[in-house]
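Below: one structure, written as structure tokens.
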Amino acid sequence: MKNDFISTVSHELRTPLFSILGFTGTLLREQDELERETRMEFISIIHDESKRLSALIEDVLMISKIDSGRVSYKKSELDPSITVSEVCRSLKIRADEKNIDLRLRVCAPMEHIFADQDSLKQVAINIIGNALKFTPPGGVVQVSLFCEAQTMCFSVEDNGPGIPAEEAEKIFEKFFRVERPGEAVDGTGLGLSIVKEIVAAHDGTVEVKSVPNQSTVFMVRLPISMQPCRK
Numbered sequence: 604m605k606n607d608f609i610s611t612v613s614h615e616l617r618t619p620l621f622s623i624l625g626f627t628g629t630l631l632r633e634q635d636e637l638e639r640e641t642r643m644e645f646i647s648i649i650h651d652e653s654k655r656l657s658a659l660i661e662d663v664l665m666i667s668k669i670d671s672g673r674v675s676y677k678k679s680e681l682d683p684s685i686t687v688s689e690v691c692r693s694l695k696i697r698a699d700e701k702n703i704d705l706r707l708r709v710c711a712p713m714e715h716i717f718a719d720q721d722s723l724k725q726v727a728i729n730i731i732g733n734a735l736k737f738t739p740p741g742g743v744v745q746v747s748l749f750c751e752a753q754t755m756c757f758s759v760e761d762n763g764p765g766i767p768a769e770e771a772e773k774i775f776e777k778f779f780r781v782e783r784p785g786e787a788v789d790g791t792g793l794g795l796s797i798v799k800e801i802v803a804a805h806d807g808t809v810e811v812k813s814v815p816n817q818s819t820v821f822m823v824r825l826p827i828s829m830q831p832c833r834k
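Numbers given in our numbering equal positions in the sequence shown, counted from 1, plus 603.
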């Protein structure tokens, strides 16, 4: 498993890094010859690949902290809809690039939860980002927030290819990735493992329900605080 992890991470680091080096090299060599539109396109690609590289490094650092027991959560009372809304706004560009309809539904009244804001954001980014990755162009990703029985429910539903039943139980394991015949699978397989660890540290649960070739729904449940959110 360790050898597979090193091999996977090396590949995932190399891909965006080579892209960054390639485009910056072109900009340096041909800066006076490139049209402004082309330069801006290159800069945009460099920016996107840098974010991809940063996210990968954060995942590796996070799983290292989890394994060594060095994770500390700065929990406070917060409105989860604000954090999830920010994540949806930041991922809308990715959704638009694939012509995916990214929807957010917040059911009132929304309650406070006691959580680490950065960790909650990481959970939302990983789950929504996965849905966008596997949803085909023209698809829909529905993000929902609602409360029931003293629990805050955060669900993400897509109409992508789904997860085979025999693999659904494994997706929260470290380094596990769903293999799809004929498709290259990117990522380290750390994202959902990190999600599970964060949710468990907040006394919550995460589960997945999937129908192959139809839909996948991830559901995170976290205990709410006693005080309602003040808008």
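Cβ coordinates follow ideal geometry from the N, Cα and C atoms, glycine included. Values in this document were obtained by computation on a predicted structure and should not be read as measured data.
Supposed close pair Val746, Val759 - CB separation, criterion 8 Å: 5 Å
Residue from Leu624, Leu748, Pro767 whose Cα sits closest to the Cα of Ile649: Nearest Cα to Ile649 within the set Leu624, Leu748, Pro767: Leu624.
Residues near Arg833 in its chain [Cβ-Cβ closer than 6 Å; skip 5 each side]: Here Arg833 scores only 40 on pLDDT, less than 50, and its place in the model is too uncertain to base an answer on.
Secondary structure of Gln753, DSSP reduced to three states: coil
Inter-stretch contact at 8 Å, needing at least 3 Cβ pairs: the segment 762-772 / the segment 693-701: In this structure the segment 762-772 does not touch the segment 693-701; the number of beta carbon pairs closer than 8 Å is below three.
Classification of Gly807 by the beta-carbon crowding that lies within 10 angstroms, buried from 16 upward: Answer is buried; the Cβ neighbour count reaches 16.
Cut-off 7 Å between Cβ atoms - residues of its own chain near Met665, not counting five sequence neighbours on either side: Ile797
Beta-bridge partners of Asp761, as assigned by DSSP: DSSP output for Asp761 lists Val744, Thr819 as bridge partner(s).
Simplified DSSP assignment, three categories, for Arg673: DSSP places Arg673 in coil when its eight states are reduced to three.
Nonlocal neighbours in the same chain, by C-beta distance under 6 Å from Thr738, ignoring five residues either side: Ile703, Val744, Asp761, Gly763
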